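Have a look at this one:
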């Protein structure tokens, strides 16, 4: 940990962000504004993304990363993109439900396992952000 005299460095800010792992796999920039100014938080996020400790999923939304033992590149930590993106919806207070194909699979009406992450939003929902990780993008049913 850096000395207390150097509070402005992005390295010093990595301590609260790594501690955020206790809150879950995903976090929003807004959650850390009580620790400092928005520019400092964004600078720390950028530095941690460059180091491979965070992965940007969308506007203001980041997820914890871990180094893959096979490729030695950062990958999403935890359950994967689908569950992490659903927890992002919960944090954003967006009501969602499993997609039609996923419900059919869970209820035993189909043997096809859906491969693309998809959620069902209410037709009146105004949510329009894009959440993506590498080549996967969360899609919506209305």
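Numbering (the numbering used here), first residue to last: 2 to 143. We treat Cβ as the ideally placed atom computed from N, Cα and C, and that holds for glycine. Since we're looking at a predicted model, the values are computed, not measured.
Please list the segments of the alpha helix (DSSP H) lying wholly inside the stretch 53–127, counting only runs of 4 or more residues, in order along the chain. Qualifying alpha helix (DSSP H) stretches, in chain order: 82–92, 101–108.
Tell me whether the stretch 55–66 and the stretch 95–104 touch, counting them as touching only if at least three CB pairs, one residue from each stretch, are closer than 8 Å. With a cut-off of 8 Å, the stretch 95–104 and the stretch 55–66 do not count as touching, because too few Cβ pairs lie within range.
Touch test, the stretch 113–133 against the stretch 30–45, Cβ-Cβ under 8 Å, three pairs minimum: In short, these stretches do not touch, since the Cβ pair count stays below three.
Member of 143, 139, 35, 41 whose CA lies at the smallest distance from the CA of residue 89: Nearest C-alpha to residue 89 among 143, 139, 35, 41: 139.
Rounded C-beta distance between residue 134 and residue 36? I'm assuming under 8 Å. In fact, because the Cβ distance is near 26 Å, the residues do not count as touching under 8 Å.
Can you tell me where the beta strand (DSSP E) with residue 140 in it begins and where it stops? For residue 140, the uninterrupted beta strand (DSSP E) segment begins and ends at 140–142.
Going by beta carbon distance, what residues of the same chain come within less than 7 Å of residue 60, once the five residues before and after it are set aside? Here the set comprises 130.
Residue 49: buried (16+ other C-beta within 10 angstroms of its C-beta) or exposed? So residue 49 ends up on the buried side.
Spatial neighbours of residue 73 in its chain, beta-carbon cut-off 8 Å, leaving aside the 5 residues before and after: Cβ contact annotation for residue 73 (same chain, cutoff 8 Å, sequence separation greater than five): none.
Tell me whether the beta-carbon of residue 55 lies closer than 8 Å to the beta-carbon of residue 86. Contact: no.
Quick one, are the C-beta atoms of residue 124 and residue 143 less than 8 Å apart? Contact annotation: residue 124 and residue 143 have beta-carbon atoms nearer than 8 Å.
Looking at the unbroken beta strand (DSSP E) that takes in residue 29, where does it start and where does it end? Unbroken beta strand (DSSP E) run through residue 29: 27–29.
When the Cα atoms are used, what is the spatial distance from residue 16 to residue 30? Note that residue 16 has pLDDT 42, beneath the 50 cutoff, so the model's placement of it is unreliable and the number below is only indicative. Roughly 15 Å separates the two Cα atoms.
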